[in-house]
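Asker: Pasting a structure below so you can have a look.
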Amino acid sequence: MPIIWLPVLIVTSLVTFSLAKGHLYRKRLLANRRPFIECEKCQKPLNMVNELADPNSIPFAIRGHKYPAKSHNVKVKELLLRKNPKLSAETTALFIAGEEIEGNKYCDTDKPFRQNRYFYYLSGVDIPGSSLLFDFKKDRLLLFLPDVEWDDVIWSGLPIGRQQAAKQFEVDDVLYSSEVEKALCNYEDYTIFTTDFDNVHKESIKRRLTPRHPDLFYSLDEARKTKDWYEIEVLKKAAEITDKCHLAVMSALPIELNEVHIQAEFTYHAIRQGARSMGYDPICCSGPACGTLHYIKNSEDLAGKASVLIDCGAEWKNYTSDVTRCFPLTGKFTREHRQIYEAVRDMQAQVMKKIRPGVKWEDLHLLSHRVLIKHLLKLGIFRRQFSEEEIFQRRASCAFYPHGLGHLMGLDVHDVAGRPQPQDSDPYFKYLRIRRPLEENMIVTNEPGCYFNEFLIAEFLNKVPEREEVVDKEVLKNYMYIGGVRIEDDILVTKHGSENLTKITSDPDEIEKIVSGGLAKNRSEFHVVV
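Numbering (my numbering), first residue to last: 42 to 571.
What follows is the structure in structure tokens.
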């Protein structure tokens, strides 16, 4: 080989070696940054690094399908006519005005837009200022878009037009809001129900409508009680997004120094997946604050705490999820934290076995209390001289588990049609949000808990001597630092049982691995600027 080629050969070899080394380094870096978990409960690994999230991704099952607004209207119609036999489909219609953009006081900015859930259920339309009219006789659905205001076009661009809306939504015709009054002239002898006049501004239109009729609200709520196939697919997507957000939070403790960092991590990953809003205000608490059921501060430092409780649910296409997970800040549960965690997990598991159509929710709720009593007796928090039945009859477990087992879920996180009875004086049932048997295609949360909250203990125990005497307060002191544990999954009631839509693990061993894996990383491995 001529000597003149040696420098070229050397340079080429060095470049090849450097590229190979760089490629190997990147592979190792990605491998180290890849938080995932494989478990029996998970259908597949939850891996957030192999593929970047597509915020516009649509589940395969609903691609090419419109939101089933027509069938929802027909469902409400049938329920209303059954509820009120005096009505006739020949002379009945339904008109609902959706939400409008509302400005903040004393400034020129607006509040976040949230569509009227009844309107969305009957239209699938998330456009501010829209309204609908459904003719019971013809099963004909009209959508009214807001009139085009050219001042708005200057700032916000052209809105969706009639032809595009007709293609996008399951409606029979699309008109503009200025045509509502004219359209109603075709229904002179009709009873036209509406929910309210909040966004109906013309008196001439109001005079044609019947607002706030209890039979209408009954029918709307009963229609939303069970979900159709399309809604179930949307809820599964919301659950999938939420799973990955919870995994992200557990995996990122090196950059989570405050409760608000937990909220930020969850919200960031939700938005990246296309969920721009939450179904409710995130609950991100640590240490003793985990004993506050709907904690809203989200502002305390994590240093010196043993536990985190995060109750967050991403919302996708207006349908929400609702999932709670607890994890140890050190990557290892303390003895007491693990004991309470296992108790709550057993409560949830025993209930899960019983979920099926026809089962009374009250019975499942009481079952969860009995399981908790058994565990607290074993731990010595309840004095062993008292029997399980005696403690149960005294309602002593309500001091540690004051809320209901769960609730219906869908367009609202606490969805309609649960028939709660807050006037019930029995502490077992006062806060129970479902007071009816389960039905196929209901979506419910299964979320038992155990809390060590000084206020709750004082309220339920100290004021009632027969409850107070069953608790060993010296043993109880050892558990107060935990604050509380809640495990919450989203459950579809199926024909013969149930399906858990929540895939993020609740196994304590697997949670320890996830948290420890995150703690082993350097902060520089996370995408964070501040």
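Note that the Cβ used here is the ideal one computed from N, Cα and C, for glycine as well.
It should be emphasised that the depicted structure is a prediction, and the values quoted were computed from it without experimental measurement.
When you compare the stretch 397 to 410 with the stretch 369 to 378, are there three or more beta-carbon pairs, one atom per stretch, that lie closer than 8 Å?
Answerer: Segments in contact, no.
Asker: Report yes or no: do three or more beta-carbon pairs, one from the stretch 511 to 528 and one from the stretch 337 to 352, lie closer than 8 Å?
Answerer: Yes, since at least three Cβ pairs between the stretch 511 to 528 and the stretch 337 to 352 fall closer than 8 Å, the two stretches touch.
Asker: What's the C-alpha gap between T132 and N114?
Answerer: Working through the sequence shown from its first residue, we reach residue 132 at position 91. Working through the sequence shown from its first residue, we reach residue 114 at position 73. So the alpha carbons of these two residues sit roughly 16 Å apart.
Asker: For N563, does the count of other Cβ atoms within 10 angstroms reach 16, so buried, or fall short, so exposed?
Answerer: Taking the first residue of the sequence shown as position 1, residue 563 is located at position 522. Classification for N563: exposed.
Asker: Round the Cβ separation of E229 and K243 to the nearest angstrom and send it over; I've been treating them as touching at under 8 Å.
Answerer: Here residue 229 refers to the residue found at position 188 when the sequence shown is read from its first residue. Here residue 243 refers to the residue found at position 202 when the sequence shown is read from its first residue. Actually they are not in contact, since the Cβ atoms of E229 and K243 sit about 17 Å apart, beyond 8 Å.
Asker: Please name the residue, chosen from G165, L298, R411, K124, that lies closest to C439 on a Cα-to-Cα basis.
Answerer: Within the sequence shown, the letter at position 398 stands for residue 439. That would be R411, whose Cα lies nearest to the Cα of C439.
Asker: On a CA-only basis, which of N359, D467, Y259, Y309 is nearest E274? Give me that one, please.
Answerer: Translated into the one-based positions of the sequence shown, residue 274 becomes position 233. Of the listed residues, the one whose Cα sits closest to E274 is N359.
Asker: On a Cα-Cα basis, can you pick out the residue from R508, S98, Y522, A110 that is closest to F423?
Answerer: The residue given as residue 423 occupies position 382 in the sequence shown. Of the candidates R508, S98, Y522, A110, the one whose C-alpha sits nearest the C-alpha of F423 is R508.
Asker: According to the Cβ coordinates, are E306 and L343 closer than 8 Å?
Answerer: The count along the sequence shown starts at 1 and reaches residue 306 at position 265. The count along the sequence shown starts at 1 and reaches residue 343 at position 302. No.
Asker: What does R181 pair with, by DSSP beta-bridge criteria?
Answerer: Taking the sequence shown and counting its residues from 1, the one referred to as residue 181 is at position 140. Answer is D176.
Asker: Near I572, which residues of its chain fall below 8 Å by C-beta distance, leaving aside the five closest residues on each side in sequence?
Answerer: This structure cannot speak to residue 572, because the chain is shown only from 42 to 571.
Asker: Go through its chain and collect everything with a Cβ distance to K247's Cβ below 7 Å, but skip five positions before and after it.
Answerer: For the purposes of this step, residue 247 is taken as the residue at position 206 of the sequence shown. Counting only Cβ-Cβ distances below 7 Å, and skipping sequence neighbours, we find F238, V241.
Asker: With a 10 Å radius around its C-beta and 16 neighbouring C-beta atoms as the bar for buried, classify S219 as buried or exposed.
Answerer: Here residue 219 refers to the residue found at position 178 of the sequence shown. So S219 ends up on the exposed side.
Asker: Starting from G144, follow its DSSP beta bridges and name the residues at the other end.
Answerer: Your numbering for residue 144 matches position 103 in the sequence shown. Answer is D151, bridged to G144.
Asker: For a cutoff of 8 Å on Cβ pairs, would you count G144 as touching chain D?
Answerer: Annotation note: the requested chain D is absent from the structure, which comprises a single protein chain.
Asker: Can you look up E481 in the DSSP assignment and give me helix, strand or coil?
Answerer: For the purposes of this step, residue 481 is taken as residue 440 along the sequence shown, with counting starting at 1. E481 falls in the coil class under three-state DSSP.
Asker: Assuming A130 and F175 are in contact, meaning their beta carbons sit under 8 Å apart, how far apart are those beta carbons, in whole angstroms?
Answerer: Your numbering for residue 130 matches position 89 in the sequence shown. Your numbering for residue 175 matches position 134 in the sequence shown. Between F175 and A130 the Cβ distance is about 11 Å, and since that is not below 8 Å, they are no contact.
Asker: With DSSP as the reference, label L370 as helix, strand or coil.
Answerer: Taking the sequence shown and counting its residues from 1, one reaches residue 370 at position 329. Of the three classes helix, strand and coil, the one that applies to L370 here is coil, per DSSP.
Asker: On the three-state DSSP scale, how would you describe A138?
Answerer: Taking the first residue of the sequence shown as position 1, residue 138 is located at position 97. Looking at A138 - three-state DSSP - the assignment turns out to be strand.
Asker: Going by beta carbon distance, what residues of the same chain come within less than 6 Å of I22, once the five residues before and after it are set aside?
Answerer: In the structure as shown, the chain begins at 42 and stops at 571. Residue 22 is therefore absent and cannot be evaluated.
Asker: When you compare only the Cα positions, how much space is there between I201 and S98?
Answerer: Within the sequence shown, numbered from 1, the residue matching residue 201 stands at position 160. Within the sequence shown, numbered from 1, the residue matching residue 98 stands at position 57. Cα-Cα distance, rounded: 21 Å.
Asker: With DSSP collapsed to three states, give me the class of S164.
Answerer: Reading the sequence shown from its first residue, position 123 is the one you call residue 164. Three-state DSSP puts S164 in a helix.
Asker: Could you tell me whether the Cβ atoms of I552 and L288 are closer together than 8 Å?
Answerer: The sequence position of residue 552 within the sequence shown is 511, counting from 1. The sequence position of residue 288 within the sequence shown is 247, counting from 1. No, the pair does not count as a contact, with Cβ atoms beyond the cut-off.
Asker: Compare the beta carbon distance of I484 and Y271 with 8 Å and say whether it is the shorter of the two.
Answerer: For the purposes of this step, residue 484 is taken as residue 443 along the sequence shown, with counting starting at 1. For the purposes of this step, residue 271 is taken as residue 230 along the sequence shown, with counting starting at 1. Their beta carbons are not under 8 Å apart, which means I484 does not touch Y271 by this criterion.
Asker: Measure how close the beta-carbons of Q391 and L417 come, nearest whole angstrom, since I'm counting them as under 8 Å.
Answerer: Working through the sequence shown from its first residue, we reach residue 391 at position 350. Working through the sequence shown from its first residue, we reach residue 417 at position 376. Incorrect: roughly 15 Å between the Cβ atoms, too far for contact.
Asker: With H, G and I counted as helix, E and B as strand and the rest as coil, what does DSSP make of L257?
Answerer: Along the sequence shown, read from residue 1 onward, the residue named residue 257 stands at position 216. Helix.
Asker: Which residue spans inside the stretch 203 to 280 form an unbroken alpha helix (DSSP H) run of at least 4?
Answerer: As far as the stretch 203 to 280 is concerned, its whole alpha helix (DSSP H) runs of at least 4 residues are 203 to 209, 221 to 225, 244 to 247, 255 to 266.
Asker: May I ask you to verify whether the stretch 359 to 369 touches the stretch 537 to 550, counting CB pairs closer than 8 Å and requiring at least 3?
Answerer: Yes, the stretch 359 to 369 is in contact with the stretch 537 to 550.
Asker: Taking the alpha helix (DSSP H) that D467 belongs to, which residues open and close that run?
Answerer: Taking the sequence shown and counting its residues from 1, one reaches residue 467 at position 426. That residue, D467, is in no alpha helix (DSSP H); it is neither H nor E in DSSP.
Asker: DSSP on L473, reduced to helix/strand/coil?
Answerer: On the sequence shown, position 432 is the one that residue 473 refers to. Three-state DSSP puts L473 in coil, outside helix and strand.
Asker: Quick one: Cα of N503 to Cα of F493, how far?
Answerer: Taking the sequence shown and counting its residues from 1, one reaches residue 503 at position 462. Taking the sequence shown and counting its residues from 1, one reaches residue 493 at position 452. Their Cα atoms are separated by approximately 14 Å.
Asker: Would you mind sorting D467 into buried or exposed? The rule is 16 or more other CB atoms within 10 Å of its CB.
Answerer: The residue labelled residue 467 in the question sits at position 426 within the sequence shown. Classification of D467: exposed, given that the 10 Å Cβ count is below 16.
Asker: By DSSP's criteria, I351 is part of a beta bridge. Which residues make up the other side?
Answerer: Residue 351 sits at position 310 when you count from the first residue of the sequence shown. C325, R366.
Asker: So, V212 versus L186, is the Cβ gap smaller than 8 Å?
Answerer: Start at 1 with the first residue of the sequence shown, and residue 212 comes out as number 171. Start at 1 with the first residue of the sequence shown, and residue 186 comes out as number 145. Cβ distance not < 8 Å, so V212 and L186 don't count as in contact.
Asker: Rounded C-beta distance between I233 and F136? I'm assuming under 8 Å.
Answerer: Position 192 of the sequence shown, counted from the start, is the residue given in the question as residue 233. Position 95 of the sequence shown, counted from the start, is the residue given in the question as residue 136. Confirmed, Cβ separation roughly 5 Å.
Asker: What is the C-beta distance between A316 and A280, in whole angstroms, given that I count them as a contact (C-beta under 8 Å)?
Answerer: In the sequence shown, counting from the first residue as 1, residue 316 sits at position 275. In the sequence shown, counting from the first residue as 1, residue 280 sits at position 239. With 8 Å as the limit, A316 and A280 do not qualify as a contact, their Cβ atoms being about 11 Å apart.
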